[in-house]
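Chemist: Numbering (this note's numbering), first residue to last: 1 to 596. In this text, a Cβ means the ideal position worked out from N, Cα and C, and glycines have one as well.
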RNA sequence: GGUCCUGUAGCUCAACUGGAUAGAGCAACUGCCUUCUAAGCAGUAGGUUUCAGGUUCGAGUCCUGACAGGAUCACCA
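Here is the structure:
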């Protein structure tokens, strides 16, 4: 039983003994005491006045006195209005610290025996990754790691959109204007090469539209009849028919793109356990349409198209199969849903996809539940807001995007110039320095994108670039490096900071206690981040932890401390903080350096 | 137009799911390097939580209605 549970259990008993009231233990909860009051936990008595039949002050007073006598960890309390502020004894804090410190699996919750798939990244293969993809990838990776820490078995999946009209556009443009250039001959990364022709297609396509409009066609007609568009559509038909030449060009260009993506993924530090390709899955789902018709979940219209009626759930009617029997987007998503389950028997399935698809996933999940899928309740759309630029929305066709590779490069360079300015890394080899710049640059970028609640849209200003001070990745990394330096010195001069002898300590400084309090919250935050699919919870926590540590660091001496027990304790406290930062940051996909 | 999301300090974000005097960072200002890394610490200033009602002991949080921004509502993906 942890600390909060002990106190709550006592309160529960208090209601029985003092007021003869039986209440559910789940109804009782504690909150952190505000800084300006004495105490660590606060119990709000207002909701229980009907049970105590006393005024708020008297109720708090009675409960407080009960705790004092019956709960070993509580040495003091005070009541302000209806708030019962509960203190925890210093011995308890030291004992708790010992438990955390000696727990080899601190930060890893016990196994749930359940399997979850997290699908993220899911790029189109006609263009390179941009800033929006970075948010997606960092979120997906972090959520996966957080789920692992919560005791789930996690499968990271990437559903690659490798077919369709947009790919054909790049292919058509390449045929016309490519002059057989390759990544090697052009010196371009493969994904950038494909993206280049996607942009060229759009440019040339617009020219053709203008020409047709000048000849007297309407805008709509021009869009439909421009030769390049017709050609792309024809190419899609040929691809679906398995045309040898088209398929081989498709394979060639996709292989370039994958080489490019590999480099970017590696740089970003994300990985996958399973790749799905839409070229394999785009025909799936028709059997589910049949099944839905048999079960009466779907219905057929006169023209043969198949629909689902979700108006009883607050949505509309939705098409699931065209009149000509061909699939729409949601048909294949139903199929892929089953495929994932059949492949891995997953209990939960998380889709990391932007919020412009909220409606689509709402529909998809409701359908799968109506069909009675065993995994239906485990479906979750991790919907995140767009990343905006000061100039507005990014459009890849128009080339107004912040390219992922470029941005990462810039961040690393900024980290480099920053570090050189501070001049603290004498003795680093060139390789070590380069590694540090990468850790810091990526740390800043990842933290920046992860610290915000996923569902909120966010603004990214490349001009101002990302800060390295305050609520940032490098601030937390810096706190870790400081501790690493302390631990090096401790080892050097041979201090034993294993947990022996801490019970001799009878005076805890405020900043020591506050640090233990926040360290004690780590697993609670991991749980919350997992339940809410929100890395920002963890990011915020790590910032608070680092801040608390820096306060401790500034206020209290370590190697100048005469009392050897206290000195060892402070080093141990530092070590546990470093371990927590390292573990927590790793759940966000962020590395921490030992020197910076 | 229907549906959904968002609106908190000049800017970027928090607020433990209804609790105390709404907190951090950036930017501004003031201190602190003869002590373990100043990418740090301490402090000052900055608020009608978009607006108007309502629910109750108590509302940034819940309900209603405005206003603003965004997304979505294809036999596209």
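So, is residue 187 buried or exposed, given that buried needs 16 or more other C-beta atoms within 10 angstroms?
Modeler: exposed
Chemist: Under three-state DSSP, which class holds residue 86?
Modeler: strand
Chemist: On the criterion of 16 or more Cβ atoms from any shown chain inside 10 Å, does residue 602 qualify as buried, or is it exposed?
Modeler: No information on residue 602 is available, as it lies outside the stretch 1 to 596 that the chain covers here.
Chemist: Kindly provide the ranges of any beta strand (DSSP E) runs that are 3 or more residues long and lie completely inside the region 268–322, ordered along the chain.
Modeler: 274–277, 298–300, 306–309, 317–321, all fully within the region 268–322.
Chemist: Using CA coordinates, which residue listed in 96, 228, 336, 151 is at the minimum distance from residue 113?
Modeler: 151
Chemist: CA-CA distance, residue 85 and residue 37?
Modeler: 8 Å
Chemist: Would you call the CB atoms of residue 528 and residue 537 closer than 7 Å?
Modeler: yes
Chemist: On a Cα-Cα basis, can you pick out the residue from 470, 278, 183 that is closest to residue 447?
Modeler: 470
Chemist: Closest to residue 336 by CA distance: which of 361, 356, 468 is it?
Modeler: Nearest C-alpha to residue 336: 361.
Chemist: From residue 133 to residue 178, what does the alpha carbon distance come to, in whole angstroms?
Modeler: 27 Å
Chemist: Apart from the five residues just before and just after residue 526, which ones in its own chain have a Cβ nearer than 6 Å to its Cβ?
Modeler: 149
Chemist: Pull up the DSSP beta-bridge partners for residue 116, would you.
Modeler: 154, 348
Chemist: What separation, rounded to the nearest whole angstrom, lies between the Cα atoms of residue 119 and residue 358?
Modeler: 15 Å
Chemist: Quick one: complete alpha helix (DSSP H) runs, 4+ long, within the region 218–266?
Modeler: 219–225, 227–240
Chemist: Is the beta carbon of residue 499 sitting closer than 7 Å to the one on residue 101?
Modeler: yes
Chemist: Using C-beta distances below 8 Å, list every residue in its chain close to residue 213, excluding the 5 sequence neighbours before and after it, in chain order.
Modeler: If you ignore the 5 residues before and after residue 213, its C-beta comes within less than 8 Å of the C-beta of 219, 222, all in its own chain and listed in chain order.
Chemist: Can you tell me whether residue 34 is buried or exposed? The criterion is at least 16 other CB atoms within 10 Å of its CB, across all chains shown.
Modeler: exposed
Chemist: Can you check which of these residues, 167, 166, 197, is closest to residue 181 by C-alpha distance?
Modeler: Of the candidates 167, 166, 197, the residue whose Cα lies closest to the Cα of residue 181 is 197.
Chemist: Closest to residue 233 by CA distance: which of 280, 252, 277, 172 is it?
Modeler: Measuring C-alpha to C-alpha distances from residue 233 to each of 280, 252, 277, 172 identifies 172 as the nearest.
Chemist: DSSP puts residue 403 in a beta bridge; with which residues?
Modeler: 130
Chemist: Could you give the residue range of the beta strand (DSSP E) that holds residue 42?
Modeler: 41–44
Chemist: Are the region 411–422 and the region 436–445 touching, with three or more C-beta to C-beta distances below 8 Å?
Modeler: A contact is defined here as three or more CB-CB pairs under 8 Å, and the region 411–422 meets this definition with respect to the region 436–445.
Chemist: Could you tell me the alpha carbon to alpha carbon distance between residue 476 and residue 462, rounded to whole angstroms?
Modeler: 22 Å
Chemist: Flag this pair as yes or no: are the beta carbons of residue 115 and residue 145 separated by less than 7 Å?
Modeler: Not closer than 7 Å, so no.
Chemist: At what residues does the beta strand (DSSP E) containing residue 77 begin and finish?
Modeler: 77–80
Chemist: Rounded to whole angstroms, how far is the Cβ of residue 588 from the Cβ of residue 379, which I believe are closer than 8 Å?
Modeler: Incorrect: roughly 25 Å between the Cβ atoms, too far for contact.
Chemist: Taking the alpha-carbon positions, what's the residue 79 to residue 56 distance?
Modeler: 9 Å
Chemist: Is the beta carbon of residue 190 less than 7 Å from the beta carbon of residue 278?
Modeler: Against a cut-off of 7 Å, the Cβ pair of residue 278 and residue 190 comes out as no contact.
Chemist: What span of residues does the beta strand (DSSP E) with residue 121 cover, start to end?
Modeler: From DSSP, residue 121 is part of no beta strand (DSSP E); its letter is neither H nor E.
Chemist: What number of angstroms, rounded off, separates the C-alpha of residue 495 from the C-alpha of residue 532?
Modeler: About 42 Å.
Chemist: Could you tell me which residues DSSP puts in a beta bridge with residue 198?
Modeler: Residue 198 is not bridged to any residue.
Chemist: Between which two residues does the alpha helix (DSSP H) holding residue 186 run?
Modeler: 183–186
Chemist: Would you check if there are 3 or more beta carbon pairs closer than 8 Å linking the region 324–341 to the region 381–390?
Modeler: They do not touch, by the three-pair rule.
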